[in-house]
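Chains as they are written, first to last, in our numbering: chain A, 3 to 485; chain B, 7 to 513; chain C, 1263 to 1357. Glycine included, every Cβ here is placed at the ideal spot set by N, Cα and C. Computed from a predicted model, the values in this text were never measured in an experiment. The structure under discussion appears below in the form of structure tokens.
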């Protein structure tokens, strides 16, 4: 069997498993769901390993129908990196959710989670624009349903999330229609080669930026995120922040670096995206500093970090360091954010709330969970030797290469803000000696602390031993385009 | 360092990191009541590190270097090297870690959260070792930031509002400094690529300074400002007196071994081993730094005068004394350089003695104010004697260690033609005397009768004046202060080594 | 102006009307319908693209079919959520 034939399985297998899990009665469904998710995780790891050994670039035409008529799936270094993130976080969330049903939203979590996983894999490996659209919708629907598992109060945030997601998708679908009208094909590689510069190209890029900007909560289209992400159960919040956001990011980057040209209008769009990103960094950071609940802080932190993903649009333009910095940033953010949300969930279970003011003593009672929060925050803030630093270092290098010193300021100050709210979270967990009035926390299963801690430690280990990983993603500085 | 210096690839530098990193990892996993395990691990790590240092001194002095590296972010390697200067600093931190560990074990007996404390304590030393061994700027930066992060839980250890606020101020200052440093490192790396520290300066950096002096100056300024935060040079010193809320062993660590020394060490590295003295001088970095350092010396002393809290007075004294290192590093004279280097060790040894004693006064007698110290020396003669030796050393009385650093600094200042150094040093010495002598006098003064009731008396049948684990560390370090001064002529004494290292910058 | 040109212009216009309506209206049900109007606009563009030549292009038509299915699913989920939102707010009013 040729390895690339594994690519469709990444989407089809979890979908199939999801249907099967949905048929299992509610009682044993957790077991079935965990088993099915594990199988998906094994498949994901196998594909990632094979891609890494193969060094690369796979293409697969479904049922032998080549583009433009058939459905093609593709995987390159960037896909490998994203798939690796989905697999690592996916497995971690699976273990976590299996250990504590309350943090996953009950047995309904499992089929939805499998659909979401399928969609995420699909966005990464889809080779044509329309399938990207379909997979994005799959992701949105599953994610919205998962948010709704957060209880009655989660219905309104979930609906708001759905509205934003669908509007973003419609804008993107219009861009897809324009692409087809211009080129007669939807295959990304063929589109990149065939699309002529002009106003239509500008419109396509602008619609994608707007659509994906809404989906990934880029300032000022971010208002739904700090409502929706905390409303979901903790395991879901982790997936939303670490992975679902990234679906929008990879689509935006693929289109942008594949299609964008040097036209003035496109350049202006890049500047607009950069400014929006910079404002997001500061706004998200400031709001996180003002928040008083763990999950809200972490959600605003995501708003801030999404700003960096928009800044990458300008920083990675023709800069290998900027591009690989961007991809590493996605990975680092995914790991750290998943660790943070899972840790917040554990603390919420232990203390019955995630209000900062109720957490004192946590550093003594649940040191591993607090350590996970702190280490993940350090990685987000981009301090050495974490994975986040590896990303930030390269982005700084790219900024200097381009003589764009103002980005240096944004990156460094943004890092300080990030550290500020991380320190605020850790500070809240200290207690005075003999402070015995603090009610001892509920006991939680140790796996709930081990999972976020492992993710956090992973972001340090990957940071120290980052050389090979960076080579993997740095291989193709301008994704599939620019010649 | 001989010109035919030999560089060997070896994992020894890595092992030196692991001697404290491994115990840290294991200690975090220990239960609170596993005291024996924790103590064994701590002591084993500390002794092993000292052992490495002792074994390495002769070959390194004769010019051998051990180096280990691994690729990290694209285009940049992580490098650990044992050159003479790095070993000098490791020796200080390893030796003082050993005594501080003993002291901390005694100090925290029965206190909560000890696993956390000793874990971060070991991490702190790991970071300091990493700073010492760092072979290039980015490795240095890595451990510099790590040091900031792992000392935060130590400063905040008690969890009181004061402790948390002090820790926050500390973090804000040092992380801010770290960001400035990072900006400088990125800028330099983008222009000349990754550069390794070389005694006498890096050729690529000298070329950059010749071609684009403006940018080189800006980079140098960023690097030095970043370091100066940790080295507590005015106006970036604000965190140091506030971080005094930490437990006494932590204060000792902050002030003598780790944080401020990392800053001072970094300043010497940047001026001597990155830019090189002549280049840094041409760019105008040295005179400016010398100016700030000179001002800090006097300013810190004056502020120290006004403090009644003993630890606060010691803190401002640190602010002042640390700038001796920066000042010496900024003077182009082998004598001044050697003076600066040796002061890194001497100040560490003297200040740690003083902090140990201050901790003892607070623990045993419940005294933290200077005005309450009257007669304490008579009740705690060993502690009082150690404090006296440390104070007199700080003032620079021969034959104590402080004299061996102040004298060459003054001579070097004259040698380099910066005559204003002399009045600054004289003024500082007078001020040192003015704020230390009253403390010493109070210690030995006969106790006024009316205060006897206010101060709890020592239990009469105690054999020692204080628990042994708390008492011996300051006594040992005080003895070292005396020994380092008396034996300064020996080849392997701190002064002897400092002269050898300083020679490397003037080849 | 041919019919196709008209459709190509009308499609984005309808989409804009739908989106603006979606953003300005408060009532949840009407917002959901506005979203469907907007999606109709996009579908119109795709159909017009398919009809540009004498022999209709099947690819965009297939896309429209898929898009309609997706919109139906989205509408279903949205309606279910809207009912729940209304139920929650009714409850809090009753109290």
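Original post:
Hey, does residue 459 of chain A have any beta-carbon neighbour from chain B nearer than 8 Å?
Top reply: Translated into positions along the first chain, residue 459 of chain A becomes position 457. No, its Cβ sits nowhere closer than 8 Å to a Cβ of chain B.
Subject >> Assumed close pair residue 343 of chain B, residue 279 of chain B - CB separation to whole angstroms, cut-off 8 Å >> reply: The count along the second chain starts at 1 and reaches residue 343 of chain B at position 337. The count along the second chain starts at 1 and reaches residue 279 of chain B at position 273. Taking the Cβ atoms as the reference, residue 343 of chain B lies roughly 11 Å from residue 279 of chain B, outside the contact range of under 8 Å.
Subject >> Contiguous alpha helix (DSSP H) assignments of at least 4 residues, all confined to the region 26-113 of chain B >> reply: Positions of the alpha helix (DSSP H) runs, each at least 4 residues long and wholly inside the region 26-113 of chain B, are given as 41-67, 90-113 in order along the chain.
Original post:
Between A/140, A/84, A/31, which lies nearest to residue 103 of chain A when the distance is taken from Cα to Cα?
Top reply: For this step, residue 103 of chain A is matched to residue 101 along the first chain. Taking only the C-alpha atoms, the option nearest residue 103 of chain A is A/31.
**OP:** Check whether the Cβ of residue 310 of chain A lies closer than 8 Å to any Cβ atom in chain C.
**Re:** Here residue 310 of chain A refers to the residue found at position 308 when the first chain is read from its first residue. Among the CB atoms of chain C, none fall inside 8 Å of the CB of residue 310 of chain A.
Subject >> Secondary structure of residue 193 of chain B, DSSP reduced to three states >> reply: What you label residue 193 of chain B is simply residue 187 of the second chain in a count that begins at 1. For residue 193 of chain B, the secondary structure class from DSSP, reduced to helix, strand or coil, is helix.
Original post:
Candidates A/130, A/123, A/22: which alpha carbon is nearest residue 63 of chain A's?
Top reply: Position 61 of the first chain, counting from 1, holds the residue named residue 63 of chain A. Measuring from the Cα of residue 63 of chain A, the nearest candidate turns out to be A/130.
Subject >> CB contact check: residue 2 of chain A to chain C, cutoff 8 Å >> reply: The requested residue 2 of chain A does not occur in the structure, where chain A is confined to residues 3 to 485.
Subject >> Backbone secondary structure at residue 1328 of chain C - three-state DSSP >> reply: Numbered from its first residue, the third chain carries residue 1328 of chain C at position 66. Assigned with DSSP and collapsed to three states, residue 1328 of chain C falls in helix.
**OP:** Closer than 8 Å by beta-carbon distance: list the chain C residues that pair up with residue 147 of chain A, in chain order.
**Re:** Locating residue 147 of chain A in the first chain gives position 145, counting from the first residue. Residues of chain C with a Cβ closer than 8 Å to the Cβ of residue 147 of chain A are, in chain order, 1339.
**OP:** Find the residues of chain C that neighbour residue 158 of chain A, judging by a C-beta separation of less than 7 Å, and give them in chain order.
**Re:** For the purposes of this step, residue 158 of chain A is identified with residue 156 of the first chain, where counting begins at 1. Neighbours of residue 158 of chain A on chain C, chain order: 1347.
Subject >> CB contact check: residue 1288 of chain C to chain A, cutoff 8 Å >> reply: Working through the third chain from its first residue, we reach residue 1288 of chain C at position 26. Cβ-Cβ to chain A under 8 Å: no for residue 1288 of chain C.
Original post:
When the distance is taken between beta carbons, is residue 266 of chain B closer than 8 Å to residue 180 of chain B?
Top reply: Counting from one through the second chain, the residue named residue 180 of chain B turns up at place 174. Counting from one through the second chain, the residue named residue 266 of chain B turns up at place 260. By the CB criterion at 8 Å, residue 180 of chain B and residue 266 of chain B fall outside the cutoff.
**OP:** Compare the C-beta of residue 480 of chain B with all C-beta atoms of chain A and state if any pair is closer than 8 Å.
**Re:** One-based indexing of the second chain puts residue 480 of chain B at position 474. Cβ-Cβ to chain A under 8 Å: no for residue 480 of chain B.
Subject >> Inter-residue Cα distance where the pair is residue 1351 of chain C and residue 150 of chain B >> reply: Indexing the third chain from 1 puts residue 1351 of chain C at position 89. Indexing the second chain from 1 puts residue 150 of chain B at position 144. The alpha-carbon atoms of residue 1351 of chain C and residue 150 of chain B are separated by roughly 54 Å.
**OP:** List the residues of chain C whose Cβ lies closer than 8 Å to the Cβ of residue 165 of chain A, in chain order.
**Re:** As a first step, residue 165 of chain A must be located in the first chain, where it is residue number 163. Within chain C, the C-beta atoms nearer than 8 Å to that of residue 165 of chain A come from 1284, 1293, 1297, 1340, in chain order.
Subject >> Which listed residue (A/469, A/107, A/166, A/404) has its alpha carbon closest to that of residue 1293 of chain C >> reply: Numbered from 1 along the third chain, position 31 holds the residue referred to as residue 1293 of chain C. Nearest option by C-alpha distance: A/166.
**OP:** Run through the region 347-421 of chain B for me and flag every whole alpha helix (DSSP H) of 4 or more residues, listed as ranges in chain order.
**Re:** Taken in chain order, the unbroken stretches of alpha helix (DSSP H) that lie wholly in the region 347-421 of chain B and span 4 residues or more are 382-385, 387-401, 407-421.
Original post:
Can a CB atom of chain B be found closer than 8 Å to the CB of residue 382 of chain A?
Top reply: Counting from one through the first chain, the residue named residue 382 of chain A turns up at place 380. In terms of beta-carbon proximity, residue 382 of chain A stays away from the interface with chain B, with every pair separated by 8 Å or more.
**OP:** Within the region 385-455 of chain A, note down every full beta strand (DSSP E) run reaching 3 residues or more, in order along the chain.
**Re:** Listed in chain order, nothing qualifies, since the region 385-455 of chain A has no complete beta strand (DSSP E) run of 3 or more residues.
Subject >> Per-residue burial, residue 1349 of chain C [other beta carbons within 10 Å of its own, 16 or more giving buried] >> reply: Numbered from its first residue, the third chain carries residue 1349 of chain C at position 87. Per the 10 Å Cβ criterion, exposed.
Subject >> 8 Å Cβ cutoff met for residue 1273 of chain C and residue 1297 of chain C >> reply: What you label residue 1273 of chain C is simply residue 11 of the third chain in a count that begins at 1. What you label residue 1297 of chain C is simply residue 35 of the third chain in a count that begins at 1. Cβ atoms of residue 1273 of chain C and residue 1297 of chain C: not closer than 8 Å.
Original post:
Closest to residue 41 of chain A by CA distance: which of A/28, A/27, A/18, A/29 is it?
Top reply: In the first chain, counting from the first residue as 1, residue 41 of chain A sits at position 39. It is A/18.
Original post:
Are the C-beta of residue 1277 of chain C and some C-beta of chain A separated by less than 8 Å?
Top reply: Start at 1 with the first residue of the third chain, and residue 1277 of chain C comes out as number 15. Yes - at least one Cβ of chain A is within 8 Å of the one on residue 1277 of chain C.
Original post:
Do we get a CB-CB distance below 8 Å when we pair residue 1327 of chain C with the residues of chain A?
Top reply: Position 65 of the third chain, counting from 1, holds the residue named residue 1327 of chain C. Answer no: the Cβ-Cβ gap between residue 1327 of chain C and chain A never drops below 8 Å.
Original post:
Using a C-beta cutoff of 8 Å, does residue 1332 of chain C count as contacting chain A?
Top reply: Counted from its first residue, the third chain places residue 1332 of chain C at position 70. Answer yes: the Cβ-Cβ gap between residue 1332 of chain C and chain A drops below 8 Å somewhere.
**OP:** Please confirm whether any heavy atom of the ligand MN lies closer than 7 Å to the CB of residue 350 of chain A.
**Re:** No copy of the ligand MN occurs in the structure displayed, which carries no ligand at all.
Original post:
Grouping DSSP H, G and I as helix and E and B as strand, with all else coil, what is residue 132 of chain A?
Top reply: As a working note, residue 132 of chain A is residue 130 in the first chain. In the displayed model, residue 132 of chain A falls within a helix according to three-state DSSP.
Original post:
Start and end of the beta strand (DSSP E) containing residue 60 of chain A?
Top reply: One-based indexing of the first chain puts residue 60 of chain A at position 58. Looking at the DSSP string, the run of the beta strand (DSSP E) that includes residue 60 of chain A is 60-63.
**OP:** Could you tell me which residues DSSP puts in a beta bridge with residue 142 of chain B?
**Re:** In the second chain, residue 142 of chain B corresponds to position 136, counting from 1. In DSSP, residue 142 of chain B forms a bridge with B/202.
Original post:
In the DSSP assignment, what are the bridge partners of residue 1321 of chain C?
Top reply: To locate residue 1321 of chain C, count along the third chain from 1; it is residue 59. BP columns for residue 1321 of chain C are empty, so no partner.
Original post:
How would you label residue 400 of chain B, buried or exposed, when you count the other beta carbons within 10 angstroms and need 16 or more for buried?
Top reply: Residue numbering aside, residue 400 of chain B sits at position 394 when the second chain is read from its first letter. Residue 400 of chain B comes out buried.
**OP:** Any chance you could list the beta strand (DSSP E) runs of at least 3 consecutive residues sitting entirely within the region 230-299 of chain A, in chain order?
**Re:** Entirely contained in the region 230-299 of chain A, not one beta strand (DSSP E) run reaches 3 residues.
Subject >> Distance between residue 134 of chain B and residue 368 of chain A (C-alpha atoms, nearest Å) >> reply: The sequence position of residue 368 of chain A within the first chain is 366, counting from 1. The sequence position of residue 134 of chain B within the second chain is 128, counting from 1. Spanning the two alpha carbons is a distance of roughly 28 Å.
Original post:
Since residue 15 of chain B sits in a beta bridge, which residues does DSSP pair it with?
Top reply: Position 9 of the second chain, counting from 1, holds the residue named residue 15 of chain B. DSSP, once it has assigned bridges, lists B/73 as partnering residue 15 of chain B.
Original post:
Near residue 248 of chain B, which residues of its chain fall below 8 Å by C-beta distance, leaving aside the five closest residues on each side in sequence?
Top reply: One-based indexing of the second chain puts residue 248 of chain B at position 242. Cβ neighbours of residue 248 of chain B beyond the five flanking positions: 171, 172, 175, 176.
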